[in-house]
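Okay, so here's the structure we're looking at.
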Amino acid sequence: MSKVSASGLFTISVVAALLGALPAPAAEPVKIGILLPLTGNAAAAGQASKAAEEIGAEIVNGKHPELANLPLAASEGLPGLGGAKLDLVFVDHQGNPSLAQQLATRLITQDKVHALLGAYQSSCSFTATAVAERYGIPFLVGDSAALNITGRGFKWVFRSTPIASDYAATYMRFFDDMKKQGRRIAAIAVVNENTDYGTSVADSIEAEAKRSNVAVAIRIPYSASSTDVSAQVLQLKEKQPDVVIFISYTSDSILYMKSMKNLDYLPPMVIGDDTGFSDPSFIPAVSDIAQGAMNRSAWDIGKPGSTTYKINEMYKAKTGRDLDDTSGRNMQGFLALAEAINRAGSTDPEKIRLALSKTDLKPEQLMMGYNGLKFDDTGQNILASTYLIQLKDKQYQLVWPANAAAAKLDWPMAGWKH
Amino acid sequence: MLLLQVIVGGLLLGAIYALFSSGLTLIWGMMNFINFAHGEFVMLGMYVALLVVIWLGGGPAAFGFAAAFALFMLGIAVYLSLIRHVMRGPMLAQILSTFGLALLLRYTAFWIFSANFVSLPQSALSGTLNVAGILMPVPQLVAGLAAIVLTIALHLLLTCTTVGSQLLAVAEDRSAAMLMGIRPDRMQALAWGLAAASAGIAGALMAMSYPWSPSVGETFGLTAFVVVTLGGFGSVPGALYAGLIIGLIQALSAYLLGPIYKDIVVYALFAALLWLRPQGLMGKA
Amino acid sequence: MKWGVLVGLALALLFYPFIFTGPFYWDIGVTFLLAAISASAWNIVGGYAGQVSVGHSMFFGIGAYVPLLFYQLWRLPPVLGAPAAIAVALLLAAAIGMPTFRLRGHYFSMATIAIAELIRIFVGTWDLVGAAIGLQGPAVGRAWWDLTFRSELPYYYIFLGVLVVVLGTTFAVTRSRFGFYLRAIKADERAARSLGVPVRAMKLKALMLSGFFTSIAGSLYSIKTGFIDPESGNIKTLKVYPAIAASNASETNVALAQGGGLA
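Chains as they are written, first to last, in the numbering used here: chain X, 1 to 418; chain Y, 1001 to 1285; chain D, 2001 to 2263.
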């Protein structure tokens, strides 16, 4: 090497060392890893949640004084960490639990995220949260329903969304109310698609029904990809339950409604457990034959001028659609995580975990209709709850509980007879 | 009464099974070749129907013909490009080739149409007929009857026309057929075209009543195997009876035992058949 | 000259984790090894004996479920369940093989699909094995024998060890009379039978050996992932078969097929 280039190299090294030694800029961003199915058959839901979480980040990172009741909306970034911004790292697990495990490991060890959020499918949440527990990084589950995600004695896993048992309890409370109003609820039927989602919710409903002395006339697990469901509808027609609860994905929900019309079977009331009944293609496909069908949602757009309405407008501007319940729950989980990190005042995992465990948000501080946000020692939000909505014309309207209702509950449902 | 309703529903769906299985049995009988991609042909027929409705606003006759034509061409293309070469290879290659084809068709459909379930927008055929207390939705009724007619038509084509005799000749003894001046290559290509076309029309007929996505091909393929095994490979009348029987068994199992069990019963029946009577009802041993 | 390739490949696999460092690359390596083990196991009955099984996921599934079931029911370390899984897999192989191997080739393949589907649906409704929700293993290991390592590195070398055993067995089979019989059966079954080869017994033996190793692959998968449900089993093994198409009955080709298995 010639003398000239050697000294050049030396100079460059010195400059580089000096630059490296400069103090880092204040308030390094807080990194949050988010696991979602961005491709595969849950891609639509994954993409919707991604958009919702990005809006959530915008709300926290930017100045949004018009959303005053949400913590962290008015300020820019996280005040507790010197205005640090939130940096989201999205990964696509494609609905594969092994891949979710792999990606969670990568997020923690390579991307060095400070917290994790996810993961839609319960199977993926199972494996990803196990990784978080092993490495000691907080994981907030915004949407997965399987009971055992928070039942394994983990200390690093929290869940903000209501779970299957919450939904079952809500339905039983509703039936109780209906009975008090003189409606007949002697027996119900539960029709569920048979993967982990449908099975957990149906199991919970059966357990709660037993506790509340509501008879389950028949339980029909079926495969969501079934071509033909007429035999199932005929089974229902034979049993004549007072309420049929459907725990279904989109195409099967639509298929059931159409088959019921074809076979001229209309129960007094149909309740859809979100998912299929909330999909954007449900209403256009069957609104004329499913009038009065009920559904659940913890999300209500609300009146113009309200915080929820404004959030929906932001979401609509980004995606062209209204915010749906699942994405809303994920966004709420995200905001709760941000609030806890802010309270922790640090990116140290143990401090964040402690802050999460002490979370106590009041209903006015939330965008979803929960009764609050408070985690018990298994990490589950014990104040999670849901509304019941009903299809009137081409829209769902909030009909229960009475104190939040925006419209009157029609019973029995009109179906196609209107 | 309800049981009769279940039976009618099962038979109507079974007729459609018969239609697409008749194509599979034809290929199997002719060339001793199992087409693992047959279910995908049905699935593609459904998408052709969708495209015809969306792009041309056509009705059932239009998309029925379109599906038949499109899949006929695809069947011939598959034969000429793939099957003809693989036939000379080891069994491993034969099985894997159509298996690979199935994956190719399925994932191409995933790529083009996405994994969401789709269904045809409301068509001219709607409403339900009430015949002596049995409710029959018009699309399903039309589909079932059309399927039976087409299957019988295929059988007549094979047994009563010159072309049919040529096809059957190649199936029976390829070398002898060649000696008679029949070109086996052409006949086999034709068989593949017919088989794919029947699968395609069956798909289009089903599309009138049921939603689907690229993943439904797998289940239909398996159903076709069961029907063909029950009916006896090579026999189109066998496929007709077997299709109706399987449709019936499925519907009855779903009603009496529960929807999950309908598939278990059918596959268990299949396993039992393989063990006890692999040549089926009407097949050659 | 073939030895050179083999030695090079062996060294590459041995030192891979030190060339590509970091948990992400290690995990890819682990996935690759798992695919290689599954592919080699399948190849015993599919490639060597010419009996194409399209339902091998059932052996993988058994291997994956039984260890986690041992943990779920009796809180035992999952690895203790692996031998039990092998036993069940062997029973299943015998049960399928005996009736179907007396039929011609196609029927065996179709039987494997039907039975694999049957098992998948059945497992999805059986509460003991978690039905649709599936089973989980210990998330945080109680002791080293739970095999819940934080790092991927131990898994990599365990899997590599198993792969070596599978390939070694395959190699030994090729050189043995058993392998000779299998090749004869694949080439022309009728001729082999006429020469006195116990065709059914040999095919059955091949299926059982294949099921043995596939079950081990399944156990490795569920021990590493800590989770299994009816859907997981299908994703892995379905991709393995096309890779086999490239191989015929030779070790180096199998290794190349395994490379394809990763993709």
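Heads up, the beta-carbon is just placed ideally off N, CA and C, and yes, glycines get one too.
Worksheet item: Using Cβ-Cβ distances below 8 Å, what residues of the region 1074-1095 of chain Y are close to chain D?
Response: P1090, M1091, L1092, A1093, I1095
Discussion item. Taking only three categories from DSSP, how would you classify X/D87?
Written reply: Residue 87 of chain X sits at position 87 when you count from the first residue of the first sequence. Three-state DSSP puts X/D87 in a strand.
Practice prompt. Would you tell me roughly how many angstroms separate the C-alpha atoms of D/T2021 and Y/V1236, rounded to the nearest one?
Written response: By one-based count along the third sequence, residue 2021 of chain D stands at place 21. By one-based count along the second sequence, residue 1236 of chain Y stands at place 236. If I take the Cα positions, the gap works out to 60 Å.
Worksheet item: So what's X/S297 in DSSP terms, helix, strand or just coil?
Response: Start at 1 with the first residue of the first sequence, and residue 297 of chain X comes out as number 297. X/S297 falls in the strand class under three-state DSSP.
Item to complete: Indicate whether the contact test is met: 3 or more Cβ pairs, each with one atom in the region 344-358 of chain X and one in the region 315-329 of chain X, closer than 8 Å.
Response: no
Item to complete: Please look up how many angstroms separate the CB atoms of X/V214 and X/M172, rounded, as I've assumed it's under 8 Å.
Response: In the first sequence, residue 214 of chain X corresponds to position 214, counting from 1. In the first sequence, residue 172 of chain X corresponds to position 172, counting from 1. X/V214 to X/M172, Cβ: 7 Å. Contact.
Practice prompt. With 9 Å as the limit, tell me which residues of the region 1252-1263 of chain Y have their beta carbon closer than that to any beta carbon of chain X; keep them in chain order.
Written response: L1252, S1253, A1254, Y1255, L1256, G1258, P1259, I1260, K1262, D1263
Item to complete: State the beta-bridge partners of X/L36 as determined by DSSP.
Response: Position 36 of the first sequence, counting from 1, holds the residue named residue 36 of chain X. Answer by DSSP bridge pairing, in chain order: X/D92.
Worksheet item: With a cut-off of 8 Å, does the C-beta of Y/P1214 fall near any C-beta of chain D?
Response: What you label residue 1214 of chain Y is simply residue 214 of the second sequence in a count that begins at 1. No, Y/P1214 lies away from the interface with chain D (no Cβ there is under 8 Å from its Cβ).
Worksheet item: Where do the ends of the beta strand (DSSP E) carrying X/V141 lie?
Response: As a working note, residue 141 of chain X is residue 141 in the first sequence. First-last of the beta strand (DSSP E) with X/V141: 139-141.
Worksheet entry | Coil, strand or helix - Y/F1041 by DSSP | Walking along the second sequence from the start, residue 1041 of chain Y turns up at place 41. Three-state result, Y/F1041: helix.
Worksheet item: Who are the Cβ neighbours of Y/S1097 in its own chain at under 7 Å, not counting the five residues just before and after it?
Response: Indexing the second sequence from 1 puts residue 1097 of chain Y at position 97. If we look at Y/S1097 and ignore the five residues flanking it on each side, its Cβ neighbours are L1082, V1086.
Item to complete: Report buried or exposed for Y/W1111, applying the criterion of at least 16 other Cβ atoms within 10 angstroms of its Cβ.
Response: Here residue 1111 of chain Y is taken as the residue at index 111 of the second sequence, counted from 1. It is exposed - the Cβ of Y/W1111 has fewer than 16 other Cβ atoms within 10 Å.
Discussion item. Check this for me: beta carbons of Y/Q1250 and Y/V1227, under 8 Å apart or not?
Written reply: Here residue 1250 of chain Y refers to the residue found at position 250 when the second sequence is read from its first residue. Here residue 1227 of chain Y refers to the residue found at position 227 when the second sequence is read from its first residue. Contact flag unset, no.
Worksheet item: Along chain Y, which residues have their Cβ under 7 Å away from the Cβ of X/Q420?
Response: Past the boundaries of the shown model lies residue 420 of chain X; chain X is included only from 1 to 418, so the question cannot be answered.
Worksheet item: Ends of the beta strand (DSSP E) at X/Q390?
Response: Numbered from its first residue, the first sequence carries residue 390 of chain X at position 390. Its beta strand (DSSP E) spans residues 387-392.
Discussion item. For X/S193, list the residues DSSP reports as bridge partners.
Written reply: Here residue 193 of chain X corresponds to residue number 193 of the first sequence, with the count starting at 1. According to the sequence displayed, residue 193 of chain X carries Glu and not Ser. Answer by DSSP bridge pairing, in chain order: X/Y222.
Worksheet entry | Residue burial classification, Y/P1278 (beta-carbon count within 10 angstroms, cutoff 16) | Counting from 1 along the second sequence, the entry for residue 1278 of chain Y is found at position 278. Y/P1278 is buried by the Cβ-count criterion.
Worksheet item: Would you say X/A145 and X/Y222 are within 8 Å of each other, going by their C-beta atoms?
Response: On the first sequence, position 145 is the one that residue 145 of chain X refers to. On the first sequence, position 222 is the one that residue 222 of chain X refers to. No, the pair does not count as a contact, with Cβ atoms beyond the cut-off.
Worksheet item: Who are the neighbours of Y/L1129 on chain X, taking C-beta pairs under 9 Å?
Response: Here residue 1129 of chain Y is taken as the residue at index 129 of the second sequence, counted from 1. Ordered by position in chain X, no residue passes the 9 Å Cβ test against Y/L1129, which lies about 10 Å from the chain.
Practice prompt. Could you tell me whether the region 1027-1045 of chain Y touches the region 1187-1202 of chain Y, where touching means 3 or more Cβ pairs closer than 8 Å?
Written response: yes
Practice prompt. Could you check the C-alpha separation between X/P97 and X/E54 for me, to the nearest Å?
Written response: By 1-based counting over the first sequence, the position of residue 97 of chain X is 97. By 1-based counting over the first sequence, the position of residue 54 of chain X is 54. Approximately 24 Å between the Cα atoms of the pair.
Fill in: Sequence-distant residues of its chain with Cβ nearer than 8 Å to X/L67 (five each side left out)
For the purposes of this step, residue 67 of chain X is taken as residue 67 along the first sequence, with counting starting at 1. Closer than 8 Å at Cβ, skipping near neighbours: I59, A73, A74, T307, K310, I311.
Worksheet item: For the putative contact between X/L323 and X/S160, defined by C-beta atoms under 8 Å, what is the C-beta separation to the nearest angstrom?
Response: Start at 1 with the first residue of the first sequence, and residue 323 of chain X comes out as number 323. Start at 1 with the first residue of the first sequence, and residue 160 of chain X comes out as number 160. About 16 Å separates the two Cβ atoms, so there is no contact after all.
Worksheet item: Which whole-angstrom value is the C-beta distance of Y/S1209 and Y/F1117, which I expect to be below 8 Å?
Response: As a first step, residue 1209 of chain Y must be located in the second sequence, where it is residue number 209. As a first step, residue 1117 of chain Y must be located in the second sequence, where it is residue number 117. So it is not a contact: roughly 14 Å between Cβ atoms.
Item to complete: Give the secondary structure of X/N381 by DSSP, where H, G and I count as helix, E and B as strand, and everything else as coil.
Response: Here residue 381 of chain X refers to the residue found at position 381 of the first sequence. Note: X/N381 maps to strand in three-state DSSP.
Worksheet entry | Own chain residues within Cβ distance below 7 Å of X/T39, not counting five before or after | Walking along the first sequence from the start, residue 39 of chain X turns up at place 39. For X/T39, where only same-chain residues beyond five positions count, the Cβ hits under 7 Å are D92, Q94.
Worksheet item: Hey, does X/D491 have any beta-carbon neighbour from chain Y nearer than 8 Å?
Response: Nothing about residue 491 of chain X can be read from this structure; chain X reaches only from 1 to 418.
Fill in: Candidates X/I220, X/S259, X/Q121, of which the one nearest Y/P1261 by Cα
As a working note, residue 1261 of chain Y is residue 261 in the second sequence. Correcting the residue identity first, residue 1261 of chain Y is Tyr in this sequence and not Pro. The shortest C-alpha separation from Y/Y1261 is found at X/I220.
Worksheet item: If you draw a straight line from the C-alpha of D/L2013 to the C-alpha of X/V141, how long is it?
Response: Here residue 2013 of chain D is taken as the residue at index 13 of the third sequence, counted from 1. Here residue 141 of chain X is taken as the residue at index 141 of the first sequence, counted from 1. Looking at the two C-alpha atoms, the distance is approximately 37 Å.
Practice prompt. Kindly confirm or deny that the region 1061-1076 of chain Y and the region 1185-1197 of chain Y touch, where touching means at least three C-beta pairs closer than 8 Å.
Written response: yes
Discussion item. Going by DSSP in three states, X/Y396 sits in which element: helix, strand or coil?
Written reply: Here residue 396 of chain X refers to the residue found at position 396 when the first sequence is read from its first residue. If DSSP states are grouped into helix, strand and coil, X/Y396 belongs with the strands.
Practice prompt. Taking C-beta pairs closer than 7 Å, name the residues in chain Y that D/H2106 reaches, listed in chain order.
Written response: Here the question's residue 2106 of chain D lines up with position 106 in the third sequence. Within chain Y, the residues near D/H2106 are I1034.
Fill in: Given X/T127 as reference, the closest of D/P2017, D/S2232, D/I2019 once Cα atoms are compared
Translated into positions along the first sequence, residue 127 of chain X becomes position 127. When each option's Cα is compared against that of X/T127, the closest is D/S2232.
Worksheet item: What first and last residue would you give for the alpha helix (DSSP H) that runs through X/R343?
Response: On the first sequence, position 343 is the one that residue 343 of chain X refers to. First-last of the alpha helix (DSSP H) with X/R343: 325-344.
Discussion item. Only counting the same chain, and skipping five residues up and downstream in sequence, which positions put a Cβ closer than 7 Å to that of X/L366?
Written reply: The sequence position of residue 366 of chain X within the first sequence is 366, counting from 1. Excluding residues within five positions, the ones whose Cβ falls inside 7 Å are Q332, L373.
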